[in-house]
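Numbering (this note's numbering), first residue to last: 132 to 205.
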């Protein structure tokens with residue numbers, strides 16, 4: 132385990148250690164990133180269309196008609 136710790140320390144020293152950033156707030160194009168307001172362009176909702184009333188209504192109707200669940204490949 133000490134080899135792993137040394138390797139992680141080396142990555143940190145070289146600025147290569149991946150730090151998980153905290154994204155907070157309701158879904159949408161504007162969120163808090165590490166406590167600062169930002170425009171989030173890396174989500175599936177960067178235009179904010181998921182919050183549009185017609186999109187929400189259509190999604191609710193589809194869920195009632197077809198059900199809802201996570202799809203996955205085999």
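Ideal Cβ positions, reconstructed from N, Cα and C, are used throughout, including at glycine.
Whose C-alpha, out of the options, is nearest the C-alpha of residue i?
i           : options       : result
residue 173 : 183, 160, 194 : 160
residue 152 : 188, 141, 164 : 164
What residues in its chain sit with their C-beta under 7 Å from that of residue i, if we drop five residues either side in the sequence?
i           : result
residue 180 : 186
Leaving out five residues on either side along the sequence, give the residues of the same chain with a beta carbon under 6 Å from the beta carbon of residue i.
i           : result
residue 202 : none
Just to confirm the assignment, what range does the alpha helix (DSSP H) spanning residue i have?
i           : result
residue 203 : Segment: none, residue 203 is in no alpha helix (DSSP H) and carries neither H nor E.
With a CB to CB cut of under 8 Å and the five nearest residues on each side skipped, what residues in its chain are close to residue i?
i           : result
residue 154 : 162, 163, 164, 171
residue 176 : 158, 159, 160, 182
Only counting runs of 3 or more residues, tell me where the beta strand (DSSP E) segments fall wholly within the region 155 to 201, in order along the chain. Segments of the beta strand (DSSP E) lying fully in the region 155 to 201: 161 to 164, 167 to 170.
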